[in-house]
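As given, the protein sequences belong to chains A and B, one line each in that order.
Counted the way the numbering used here counts, the first sequence spans residues 863 to 930.
Counted the way the numbering used here counts, the second sequence spans residues 800 to 1226.
We put the beta carbon where it would ideally sit given N, CA and C, even for glycine.
Take a look at the structure below.
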Amino acid sequence: MSAHLKVNPIMCEAHGLCAELLPELIRLDDWGYPILDQSEVPPELLGLARRAADACPTLALILEERDR
Amino acid sequence: MGAIAAAGPPGLPRLLAGLGTAGATMTLAEHHAVHGPLPSISSTRLIEVLGHSGLRGRGGADFPTATKLRAVAERRGGSSLVVNGSETEPASSKDRLLLARLPHMVLDGAVLAARAVGAGTVIVKIGDGTPSVLRALEGAVAVRSDDRISFEIVVGPEGYVTGEETAVLHYLARGVAKPTFVPPRPYERGLRGRPTLIQNPETLSQMALIARFGSDWFRELGSDHDPGSALVTISGAVKTPGVYELAFGTSMNDLLAAAGGPTEPLQALLVGGYFGTWVRASQALRLRLSRQDLHSVGCALGSGVLIALGESACGLHESARVIDYLAEQSAGQCGPCVHGLAAIADSVGALADGVAHPQELKRVLRWTAEVRGRGACHHPDGAARFVESALSVFGDELEHHRRERCWAPPAGLPLGGVVEGAREASR
């Protein structure tokens, strides 16, 4: 299993919840839009990453989980 | 493998052969007299010949045409063929030239591509700022009765990002000329959920000739890595700006000479248009028109745009105007593009005017790095690349601008319109 974070930039409205919930992989730019860590989500952060994706008010944050 | 016809016409011009200087549109009869009729060729054979020719897309993405065709052909089932005639890069005129003056060349290619992917309709999408293109296309479509393909011409709004592939499809499907968030890619799922092939008019025109004369003929010009000819729109400090057809491998000096030569000593060249890269003249003049040469200085040919900047102009102010334009042209959908490009444009303006905070350069470069890859389309990436190259090539002048006012006259780079006084010729 491998997982990556993605954001749909058209949907994102800079609520910033994702960076609150997952500061390990997400920081905000000067206007409040998320900058994602592009590398694979480490297993110990998968739960938090799922929570961040679920909490996004516009469902712009996507956690892509793939079987290897 | 390769040649279909025994021999094609030698040398240049190829695409622009038979193009008079009077500005008239070539009729179907004239087109056939110059190039011969469109041969019938199977889908498999066409893709094979295109593969052997090494033709790559001329809309800017530089993707192997055969691979793209094959991807759509394999998915079949009601696929569509779209000719992307938007040409929204302000410094490019080649697609408008082809559509307005040589519409049958483009339509030949479109018919071939449509048949190859099993599409029954060719949709030609153009911008609303060029009535001559619309007239030429309508006239051309009206006399093409033997193609067993129906043609549809769709006129959409102008604007830098409206020509982006997903924006074209979005406009055709829903009337909204803005990019969408991909995937799926158009070749997987495009119009009406069907695999859709989108091609640039020059790519289709090259295809129309390759189908006639074969891949060996195509490769007679250029090199193994960069075969064939290309249309290049040359503007800026040259005597006769316009669209020129040149062989790959042509030296930058010969390219400029094709456009009458420089009007003054040059300081830099912008290669690839406004998503492209500034290169110092001393470095640029050693280059040839080849992917390898251009990549070596961090450029790509893009849609074939070359802008010469004379010594008398100010690269910083010219670049500030371009990034202002690019920021304005954001589709307004993605935060990093809307806010990032506006801030970058303000900063570059302040740097050019010599009124920026000492830390401003560092801040702009952080922003250009941060906006990359964070839009639905590549608009922020292209704008960021442009700004980074401007600040690198003209960076030495920042200090000078801080100390005294720069009085350089505007160079009049094309922004939001066709190249002034564009001519067509080939060499």
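Through-space distance from residue j to residue i, alpha-carbon basis
i                       : j                       : result
residue 1065 of chain B : residue 1095 of chain B : 20 angstroms
residue 1102 of chain B : residue 907 of chain A  : 43 angstroms
residue 914 of chain A  : residue 890 of chain B  : 44 angstroms
residue 1200 of chain B : residue 1212 of chain B : 21 angstroms
residue 894 of chain B  : residue 876 of chain B  : 29 angstroms
residue 900 of chain A  : residue 925 of chain A  : 12 angstroms
residue 805 of chain B  : residue 1092 of chain B : The predicted position of residue 805 of chain B is uncertain, since its pLDDT is 49 and thus under 50; no value can be drawn from it.
residue 857 of chain B  : residue 1003 of chain B : 9 angstroms
residue 1204 of chain B : residue 1080 of chain B : 24 angstroms
residue 981 of chain B  : residue 1038 of chain B : 42 angstroms
residue 1155 of chain B : residue 1174 of chain B : 27 angstroms
residue 1219 of chain B : residue 1032 of chain B : Confidence at residue 1219 of chain B is low in this model, with a pLDDT of 36, below 50, so its placement is unreliable and the value that follows should be read with caution. Roughly 12 angstroms separates the two Cα atoms.
residue 1165 of chain B : residue 1159 of chain B : 10 angstroms
residue 801 of chain B  : residue 842 of chain B  : With a pLDDT of only 42 at residue 801 of chain B, under 50, the local geometry of the prediction cannot be trusted, and no value is derived from it.
residue 1006 of chain B : residue 905 of chain A  : 49 angstroms
residue 922 of chain A  : residue 855 of chain B  : 34 angstroms
residue 869 of chain A  : residue 892 of chain A  : 17 angstroms
residue 1217 of chain B : residue 1197 of chain B : Interpretation of residue 1217 of chain B is limited by its pLDDT of 40, a score under 50 that renders its predicted location unreliable; no figure is taken from the coordinates.
residue 866 of chain B  : residue 998 of chain B  : 12 angstroms
residue 810 of chain B  : residue 887 of chain A  : 56 angstroms
residue 1215 of chain B : residue 1161 of chain B : At residue 1215 of chain B the pLDDT is 48, less than 50, meaning the model places this residue with poor confidence; the figure from the coordinates comes in the next sentence. Those two C-alpha atoms are separated by around 30 angstroms.
residue 934 of chain B  : residue 1130 of chain B : 28 angstroms
residue 1035 of chain B : residue 873 of chain B  : 44 angstroms
residue 1075 of chain B : residue 930 of chain B  : 28 angstroms
residue 904 of chain B  : residue 889 of chain A  : 51 angstroms
CB contact below 7 angstroms: residue i versus chain B
i                      : result
residue 871 of chain A : yes
residue 876 of chain A : yes
residue 929 of chain A : no
residue 916 of chain A : no
residue 891 of chain A : yes
residue 925 of chain A : no
Rounded Cβ spacing between residue i and residue j (contact assumed at less than 8 angstroms)
i                       : j                       : result
residue 1106 of chain B : residue 1069 of chain B : 4 angstroms
residue 878 of chain B  : residue 994 of chain B  : 4 angstroms
residue 1140 of chain B : residue 1104 of chain B : Actually they do not touch by this definition, with Cβ atoms about 20 angstroms apart.
residue 873 of chain A  : residue 920 of chain A  : 5 angstroms
residue 1108 of chain B : residue 1210 of chain B : 6 angstroms
residue 911 of chain A  : residue 1134 of chain B : So it is not a contact: roughly 21 angstroms between Cβ atoms.
residue 1030 of chain B : residue 880 of chain B  : Actually they do not touch by this definition, with Cβ atoms about 21 angstroms apart.
Residues near residue i by beta carbon distance below 8 angstroms, same chain, minus five either side
i                       : result
residue 1163 of chain B : 1143, 1146, 1147, 1150, 1186 and 1190
residue 1202 of chain B : 1153
residue 808 of chain B  : 816 and 1012
Cut-off 7 angstroms between Cβ atoms - residues of its own chain near residue i, not counting five sequence neighbours on either side
i                       : result
residue 868 of chain B  : 846, 849, 912, 915, 916 and 996
residue 958 of chain B  : 887, 976 and 1128
residue 1089 of chain B : 1022, 1024, 1025, 1047 and 1048
residue 871 of chain A  : none
residue 866 of chain A  : 902, 903 and 926
residue 972 of chain B  : 990
Proximity test, Cβ basis, 7 angstroms: residue i and chain A
i                       : result
residue 1158 of chain B : no
residue 1128 of chain B : no
residue 1135 of chain B : yes
residue 1138 of chain B : yes
residue 964 of chain B  : no
residue 1155 of chain B : no
residue 1173 of chain B : yes
residue 980 of chain B  : yes
residue 1187 of chain B : no
residue 886 of chain B  : no
residue 1132 of chain B : yes
residue 1169 of chain B : yes
Sequence-distant residues of its chain with Cβ nearer than 6 angstroms to residue i (five each side left out)
i                       : result
residue 910 of chain B  : 946 and 948
residue 879 of chain A  : 917
residue 952 of chain B  : 923 and 936
residue 837 of chain B  : 907
residue 962 of chain B  : 885 and 887
residue 853 of chain B  : 1026
residue 1087 of chain B : 1048 and 1050
residue 988 of chain B  : none
residue 1016 of chain B : 807
residue 1206 of chain B : none
residue 1137 of chain B : 1129 and 1131
Residues bridged to residue i (per DSSP)
i                       : result
residue 1107 of chain B : B:1035 and B:1068
residue 1077 of chain B : B:1069
residue 1052 of chain B : Partner(s): none; residue 1052 of chain B has no beta bridge.
residue 744 of chain B  : Given a span of 800 to 1226 for chain B in the structure shown, any question on residue 744 of chain B remains unanswerable.
residue 866 of chain A  : A:926
residue 955 of chain B  : B:926
residue 920 of chain B  : B:949
residue 998 of chain B  : B:882
residue 1021 of chain B : B:1026
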